[in-house]
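Numbered per the working numbering, the sequence shown finishes at 334, counting up by one with no gaps. Below is one structure, written out as structure tokens; comments come after it.
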Amino acid sequence: MQKKTVLLDGAAMGRALTRVAHEIVEKNKGGDNLVLVGIKTRGVPLTKRLQEKIKQIEGVTVPTGELDITLYRDDLEKVTSNEDPELKATRIDVDLKNKHVVLIDDVLYTGRTVRAAMDAVMDIDRPSLIQLAVLVDRGHRELPIRADYVGKNIPTSEEEIIVVQLEEIDQLEEVSIYEK
Numbered sequence: 155m156q157k158k159t160v161l162l163d164g165a166a167m168g169r170a171l172t173r174v175a176h177e178i179v180e181k182n183k184g185g186d187n188l189v190l191v192g193i194k195t196r197g198v199p200l201t202k203r204l205q206e207k208i209k210q211i212e213g214v215t216v217p218t219g220e221l222d223i224t225l226y227r228d229d230l231e232k233v234t235s236n237e238d239p240e241l242k243a244t245r246i247d248v249d250l251k252n253k254h255v256v257l258i259d260d261v262l263y264t265g266r267t268v269r270a271a272m273d274a275v276m277d278i279d280r281p282s283l284i285q286l287a288v289l290v291d292r293g294h295r296e297l298p299i300r301a302d303y304v305g306k307n308i309p310t311s312e313e314e315i316i317v318v319q320l321e322e323i324d325q326l327e328e329v330s331i332y333e334k
């Protein structure tokens with residue numbers, strides 16, 4: 155990878171997530187029937203941040219969960235290259251039946267991760283609604299999937315890579331774009 159350009163710093167990411175939290179609360183008429191589910195890996199800390207922002211806005215602590223989609227991927231044989239896939243635990247300790255589930259991820263690209271996440275959620279329970287919130291939508295969809303809530307739309311070429319770094323995982327807070 156070469157030529158890094160920082161697109162969002164920590165402050166800009168915070169503002170984008172605040173806006174997304176307000177949109178989630180507004181569209182769902184509050185936070186009472188919500189469950190926020192982070193897609194591992196970087197969707198999990200984003201979920202915790204959105205939970206805190208919704209608590210500040212509405213005064214309610216929305217339940218959260220963590221979703222590992224490894225076994226639901228349609229490219230599993232390509233990803234694992236003859237090794238067993240590394241499984242990260244799914245942890246959803248709340249009943250999803252008749253809830254509004256908001257899936258949360260860092261980057262929306264082809265839509266395949268989101269499709270896998272929806273399959274995983276449906277295997278757990280039957281929510282009344284599934285929505286999607288992403289920090290970055292970079293385009294190039296292969297499936298008819300779109301985010302309900304987007305922190306930042308960043309049109310990219312296929313030769314570019316979006317890298318999200320979060321303090322909780324990377325000890326750095328920024329969204330950057332690299333040329334391959």
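Heads up, the beta-carbon is just placed ideally off N, CA and C, and yes, glycines get one too.
Sequence-distant residues of the same chain with beta carbon closer than 7 angstroms to residue i, five excluded per side
{"i": "V335", "result": "A query on residue 335 cannot be resolved here, the shown segment of the chain reaching from 155 to 334 and no further."}
{"i": "R295", "result": "T264 and G265"}
{"i": "P217", "result": "V189 and V248"}
{"i": "A271", "result": "I193, L221, I223 and L257"}
{"i": "R245", "result": "G219 and E220"}
DSSP-derived helix/strand/coil call for residue i
{"i": "A287", "result": "strand"}
{"i": "I135", "result": "The structure shown has nothing for residue 135, since the chain only spans 155 to 334."}
{"i": "Q205", "result": "helix"}
{"i": "E328", "result": "strand"}
{"i": "L171", "result": "helix"}
{"i": "L297", "result": "coil"}
Alpha-carbon to alpha-carbon, residue j and residue i
{"i": "K398", "j": "H176", "result": "The displayed coordinates of the chain run from 155 to 334. Any statement about residue 398 would go beyond what the structure contains."}
{"i": "G197", "j": "R280", "result": "21 angstroms"}
{"i": "K253", "j": "S282", "result": "5 angstroms"}
{"i": "I178", "j": "E212", "result": "11 angstroms"}
{"i": "R227", "j": "A170", "result": "28 angstroms"}
{"i": "L297", "j": "D273", "result": "14 angstroms"}
{"i": "A243", "j": "I308", "result": "31 angstroms"}
{"i": "Q325", "j": "T195", "result": "14 angstroms"}
{"i": "T201", "j": "G184", "result": "17 angstroms"}
{"i": "K181", "j": "L225", "result": "31 angstroms"}
{"i": "V191", "j": "T215", "result": "14 angstroms"}
{"i": "R292", "j": "I284", "result": "21 angstroms"}
Residues of its chain near residue i, where Cβ-Cβ distance is below 8 angstroms and the 5 sequence neighbours each way are ignored
{"i": "I331", "result": "K158, T159, L161, I308, T310, E314, I315, I316 and V317"}
{"i": "T172", "result": "K207"}
Bridge partner(s) assigned by DSSP for residue i
{"i": "K158", "result": "Y332"}
{"i": "T310", "result": "Looking at the DSSP assignment, T310 forms no beta bridge with any residue, so it has no partner."}
{"i": "I178", "result": "Per DSSP, none; premise fails for I178."}
Contacts around residue i, its chain only, beta-carbon distance under 6 angstroms, and the 5 residues preceding and following it disregarded
{"i": "E328", "result": "V160, D163 and Q319"}
{"i": "K334", "result": "E313"}
{"i": "E321", "result": "E327"}
{"i": "R269", "result": "L297"}
### Query
Could you give the uninterrupted runs of the beta strand (DSSP E) lying entirely in the stretch 239-278, keeping only those of 3 residues or more?
List check, beta strand (DSSP E) in window: 254-262.
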